[in-house]
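*Asks:*
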Amino acid sequence: RRISGFNRRLLAYALAALLVFACLTVLNLSQLPASVANDASLVAKHDRESHSLGQSAHIAWRLQSNRLYEHRGHEGLPDFRPANSDQELRIRDLLDAGWPPAELYANTTNSSNFNKGFALEAGLHDSYVAMFSQSSFAANNKERRLLPSNASQRILSQLERLTGQAAVSLVSEFPAGSQMKLLLQLDAGTGGASVVFKPRVYDRDRVMTGSVVAGRDRDNAEVVGYHLGRLLGFHRGPVASPRLLNLTAASLAATPRLRETFYRRLSDNRLCLWGVCRYCTGRRTGVCAGPDEVLEGIAVLMLPHRLALKRHRHPWARNYASNDAKAAWQLGENPCNSQLLSRLGPGVLLDLIDTSILDFLLGNADRHEFETAAGIGGQQLVVTLDNGKGLGNPYHDELSILAPLQQCCRLRTSTNSRLLALQGLLGAATQAALCRSGASSLPSSGPLLTLEHSAALDRRLDRVLRELDKCNRRLGPAAVLVSDDARLTL
Numbered sequence: 259r260r261i262s263g264f265n266r267r268l269l270a271y272a273l274a275a276l277l278v279f280a281c282l283t284v285l286n287l288s289q290l291p292a293s294v295a296n297d298a299s300l301v302a303k304h305d306r307e308s309h310s311l312g313q314s315a316h317i318a319w320r321l322q323s324n325r326l327y328e329h330r331g332h333e334g335l336p337d338f339r340p341a342n343s344d345q346e347l348r349i350r351d352l353l354d355a356g357w358p359p360a361e362l363y364a365n366t367t368n369s370s371n372f373n374k375g376f377a378l379e380a381g382l383h384d385s386y387v388a389m390f391s392q393s394s395f396a397a398n399n400k401e402r403r404l405l406p407s408n409a410s411q412r413i414l415s416q417l418e419r420l421t422g423q424a425a426v427s428l429v430s431e432f433p434a435g436s437q438m439k440l441l442l443q444l445d446a447g448t449g450g451a452s453v454v455f456k457p458r459v460y461d462r463d464r465v466m467t468g469s470v471v472a473g474r475d476r477d478n479a480e481v482v483g484y485h486l487g488r489l490l491g492f493h494r495g496p497v498a499s500p501r502l503l504n505l506t507a508a509s510l511a512a513t514p515r516l517r518e519t520f521y522r523r524l525s526d527n528r529l530c531l532w533g534v535c536r537y538c539t540g541r542r543t544g545v546c547a548g549p550d551e552v553l554e555g556i557a558v559l560m561l562p563h564r565l566a567l568k569r570h571r572h573p574w575a576r577n578y579a580s581n582d583a584k585a586a587w588q589l590g591e592n593p594c595n596s597q598l599l600s601r602l603g604p605g606v607l608l609d610l611i612d613t614s615i616l617d618f619l620l621g622n623a624d625r626h627e628f629e630t631a632a633g634i635g636g637q638q639l640v641v642t643l644d645n646g647k648g649l650g651n652p653y654h655d656e657l658s659i660l661a662p663l664q665q666c667c668r669l670r671t672s673t674n675s676r677l678l679a680l681q682g683l684l685g686a687a688t689q690a691a692l693c694r695s696g697a698s699s700l701p702s703s704g705p706l707l708t709l710e711h712s713a714a715l716d717r718r719l720d721r722v723l724r725e726l727d728k729c730n731r732r733l734g735p736a737a738v739l740v741s742d743d744a745r746l747t748l
């Protein structure tokens, strides 16, 4: 059939536009950094597998390749189970102070039981506050711990439940930091406890590509970081637990300033809020509850007011002024010298090296500041706060996070022993710690630690040990490994 002149011109314009679009796409892809291009190809491969197999079949395929997981507790989702009795015994030995009794957490991850309140041990919060008395904290500081080594597993377990489930009496803005958080004042029965609530923004399997600090905070990284830190023997982070927050009830208990940020989304009438923070700019940055008006997230137990924290600029902070500009330590300058040791003290410097290992395992490249708490005599202890930029990309290992270990080539002997004991088991042990604490998942969002991130923990631990081996071969283990009571030199 003959095509009119007008239609021929229209068809020619359309073909030309399509050709230009294709050329621009190829050009943009060719300019991607190699790491981003590799990450994108892995993500695309993962998506193709999921689409072609179907979600349940894809999970079954993954389970066949990793027998640590099986369907249990949540239909269609994998859960943790040790592969054999020998591995289970090894993991039990690694978990701090034994495994909490399973009956303590019966049905805690069912949505009907969240935020309903429960029987607390008498004086639980008072016991928690007493852990930070001057004499108690001085003893903790000597052991480089935030919580005392003699704190019973039952008390810690109850504190986790308080953090994740205690009823809320007041909801207010928590403007510290750049992203939206809420301060939840728990009811009078908790002895005046407060928690910071971080909402879930992304699906658990969301992969962040591009900049190593790209995207908003991942709430699950706080809970995984808390349990991972305990496994590594650091014990320097506050208690963290998954939490559900009923937004309807929260809006009624909110302060006037916060209440102004609640709104209904026009597309589905869901209740949302954008909160109060530096980057909270209206509905564009809001988070919305599910159809049941419940918002998923995590809660971090506030430290007692008597524990005064001091903020410091991190010696290995990145340059945030430009995506291309690098900090001096990334351009060959080594800040790990006698002046830094004199300024920070040996305990703080070794704490920062420990923290760099935790951050590398999580993939958290955003440790631009750090906080310390002082004990008797002014000795400082690093308190690990804010793991929110962790668990972003399980396919990329950001080696620059390990700069404190690489440039100082020093490590506590206790940390070294723990890393060796966890080799090949870290992903499984972290899953076990989450499951036994009742924190493995929330009712609808799935596991806090996905299979991909669990595998990344083991792969990254191997890389940490390889970097440590480089130091040992260059300087000798006697110079690299430092006992807590030894004199540190650089």
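All residue numbers in the sequence shown are consecutive under my numbering, ending with 748. Using N, Cα and C, we set each Cβ at its ideal position, and we do this for glycine too. Please read all numbers here as calculations on a predicted model, not as lab measurements.
1. According to the neighbour-count rule (16 or more other Cβ atoms, all chains shown, within 10 Å of its Cβ), is Leu602 buried or exposed?
2. Near Val387, which residues of its chain fall below 7 Å by C-beta distance, leaving aside the five closest residues on each side in sequence?
3. Over the uninterrupted alpha helix (DSSP H) stretch that includes Tyr386, give me the two end residues.
4. Should the region 469-479 be regarded as contacting the region 616-623, the criterion being three or more beta carbon pairs within less than 8 Å?
5. Note down, in chain order, each residue of its chain lying with its Cβ closer than 8 Å to the Cβ of Leu382, except the 5 sequence neighbours on either side.
6. Given Asp655, which residues of its chain have a CB within under 8 Å of its CB, disregarding the five upstream and five downstream residues?
7. Going by other Cβ atoms of all chains shown within 10 Å of its Cβ, with 16 needed for buried, is Glu228 buried or exposed?
8. Apart from the five residues just before and just after Leu565, which ones in its own chain have a Cβ nearer than 6 Å to its Cβ?
9. Apart from the five residues on each side of it in sequence, which residues of its chain come closer than 6 Å, Cβ to Cβ, to Val552?
10. Hey, would you say Glu227 sits closer than 8 Å to Leu441, going by beta carbons?
11. Measure from the alpha carbon of Arg464 to the alpha carbon of each residue in Arg515, His711, Asp743, Gly605, then state which is nearest.
12. How about Val252 and Thr671: are their beta carbons less than 8 Å apart?
13. For Pro573, which of Asp609, Arg542, Gly548, Val558 has the nearest alpha-carbon?
14. Helix or strand or just coil, what does DSSP make of Leu610?
15. Using a threshold of 8 Å, state whether the C-beta atoms of Ile611 and Arg668 are closer than that.
16. Rounded C-beta distance between Gly473 and Gly704? I'm assuming under 8 Å.
17. Could you give the DSSP three-state label for Val641: helix, strand or coil?
18. When DSSP labels each residue in this structure, what does Pro562 get in the three-state scheme?
19. Are Thr642 and Gly491 closer than 8 Å when you measure CB to CB?
20. Please state the DSSP three-state secondary structure of Gln664.
21. Using only the alpha-carbon positions, how far apart do Tyr537 and Asn595 sit?
22. Mind reading off the beta-carbon distance from Pro500 to Leu706? Whole number of angstroms is fine, and I expect it under 8 Å.
23. Using the three-state DSSP reduction, which class does Arg462 fall into: helix, strand or coil?
24. Quick one: what does DSSP say Thr448 is sitting in, helix, strand or coil?
25. Which same chain residues, not among the five before or five after Thr486, have their C-beta less than 6 Å away from its C-beta?
26. Can you list, in chain order, the residues of its chain whose CB lies under 7 Å from that of Thr506, leaving out five sequence neighbours each side?
27. Looking only at its chain, what residues have a beta carbon closer than 8 Å to the beta carbon of Leu427, apart from the 5 residues adjacent to it on each side?
28. Going by DSSP, which residues form a beta bridge with Ile659?
29. Near Pro457, what residues of its chain come up, given a Cβ to Cβ distance below 6 Å and the 5 sequence neighbours on each side ignored?
30. Out of Leu746, Ala736, Lys647, state which residue places its alpha-carbon closest to the alpha-carbon of Thr467.
31. Express the C-alpha separation of Cys693 and Gly682 in angstroms, rounding to a whole number.
32. Can you give me the C-alpha to C-alpha distance between Gln638 and Gly495, rounded to a whole angstrom?
33. So is Thr747 buried or exposed if we call it buried at 16+ other beta carbons inside 10 Å?
34. For Ala292, count neighbouring C-beta atoms within 10 Å of its own C-beta (all shown protein chains included) and say buried if the count is 16 or more, exposed if not.
35. How many angstroms separate the CA atom of Leu405 from the CA atom of Phe520?
36. How would you call Gln665, buried or exposed, if buried means at least 16 neighbouring beta carbons within 10 angstroms?
*Replies:* Concretely, from the data shown:
1. buried
2. Pro562
3. 382-388
4. yes
5. Ile413, Gln416, Leu417, Leu420, Thr448, Gly449
6. Phe618, Gly621, Ala714, Arg717, Arg718, Arg721
7. Residue 228 is absent from the structure shown; the chain starts at 259 and stops at 748.
8. Phe390, Ala631
9. Leu502, Asn504
10. Any answer about residue 227 is impossible in this case: the structure gives the chain only from 259 up to 748.
11. His711
12. Outside the shown range of the chain, which is 259 to 748, sits residue 252, and nothing can be said about it.
13. Asp609
14. helix
15. yes
16. Not really, about 18 Å apart at Cβ, beyond 8 Å.
17. strand
18. coil
19. no
20. helix
21. 37 Å
22. 7 Å
23. coil
24. helix
25. In the sequence on display, residue 486 carries Leu and not Thr. If we look at Leu486 and ignore the five residues flanking it on each side, its Cβ neighbours are Thr688.
26. Leu529, Glu551
27. Strictly speaking, residue 427 in this sequence is Ser, with Leu absent from that position. If we look at Ser427 and ignore the five residues flanking it on each side, its Cβ neighbours are Gln443, Leu444, Asp445, Ala446, Ala511.
28. Ile659 pairs with nothing; no bridge assigned.
29. Val545, Leu553, Gly555
30. Lys647
31. 19 Å
32. 15 Å
33. exposed
34. At Ala292, the pLDDT of 37 sits below 50, so the modelled position is not reliable and the matter cannot be decided from this model.
35. 37 Å
36. buried
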